[in-house]
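Numbering (full-length UniProt numbering), first residue to last: 1 to 180. C-beta: ideal position from N, C-alpha, C; glycine also. Please read all numbers here as calculations on a predicted model, not as lab measurements.
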């Protein structure tokens with residue numbers, strides 16, 4: 001299941017070949033498959049100074065897809081956007097619900113502001129749950145027009161990714177994009 005919410009600039013491009021060509025061509029299944037050690041964090045796991053391999057893989061896959069569709073800039077990892085994304089993924093995993101509105105009634109722009117990012121720079125948020133790997137969630141986002149639009153918006157320069165595991169093992173994913 002996925003939902004996207006964005007406050008971005010518009011622009012469209014055909015992306016039919018991405019899932020079959022670029023992402024599959026990365027041999028993501030071999031790199032990002034169900035390898036030991038890529039279990040993703042639990043909803044309550046301590047996080048300071050730690051970057052999950054799943055989150056790193058989502059960033060890398062997102063950059064490869066963007067590059068294939070003409071974005072000349074690579075998204076850079078942004079600590080504030082990452083903090084907001086992680087907070088939201090944990091909140092969704094803990095509450096077992098998926099929404100852009102947080103349990104505390106926060107919106108994505110509230111969370112990224114509280115984490116130290118200026119939302120007036122432009123932002124977008126993709127969320128999903130139930131996908132078991134970075135490859136499967138990026139592919140699902142690319143198959144959804146709103147999520148694809150966020151990923152392929154070349155005006156975005158920064159990305160924060162959060163993933164959290166609910167007690168039943170379900171993964172909750174958040175991508176926060178930023179314009180600086």
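Whole-angstrom distance between residue 124 and residue 85, CA atom to CA atom: CA-to-CA, the gap between residue 85 and residue 124 works out to about 11 Å.
Through-space distance from residue 169 to residue 157, alpha-carbon basis: The alpha-carbon atoms of residue 157 and residue 169 are separated by roughly 32 Å.
Expected contact under 8 Å - CB spacing of residue 55 and residue 163 to nearest Å: Correct: roughly 6 Å between the Cβ atoms.
Cβ neighbours of residue 180 in the same chain (closer than 7 Å, five flanking residues each side left out): These residues qualify, in order along the chain: 121, 157, 158.
Residue 164 - containing beta strand (DSSP E), residue span: Annotation: the continuous beta strand (DSSP E) that includes residue 164 extends over 158–165.
Neighbourhood of residue 76 by C-beta, 8 Å cutoff - its chain only, sequence neighbours within 5 removed: Here the set comprises 157, 158, 159.
Own chain, CB closer than 6 Å to residue 74, minus 5 neighbours either side, in chain order: Within its own chain, the residues whose Cβ lies closer than 6 Å to the Cβ of residue 74, once the five positions on either side in sequence are excluded, are 63, listed in chain order.
Cut-off 8 Å between Cβ atoms - residues of its own chain near residue 183, not counting five sequence neighbours on either side: Absent from the structure is residue 183, since the part of the chain shown begins at 1 and ends at 180.
Runs of beta strand (DSSP E) wholly within the stretch 114–178 (minimum 3 residues, chain order): The stretch 114–178 contains these whole beta strand (DSSP E) runs: 123–129, 158–165, 171–178.
Coarse secondary structure for residue 180, derived from DSSP in three states: DSSP places residue 180 in coil when its eight states are reduced to three.
Minimum C-alpha distance to residue 89 - residue among 149, 72, 108: Per the Cα distances, 108.
Residue 138 versus residue 52 - alpha carbon distance: Cα to Cα, residue 138 sits roughly 16 Å from residue 52.
Identified DSSP bridge partners for residue 77: Note: residue 77 sits in a beta bridge opposite 159.
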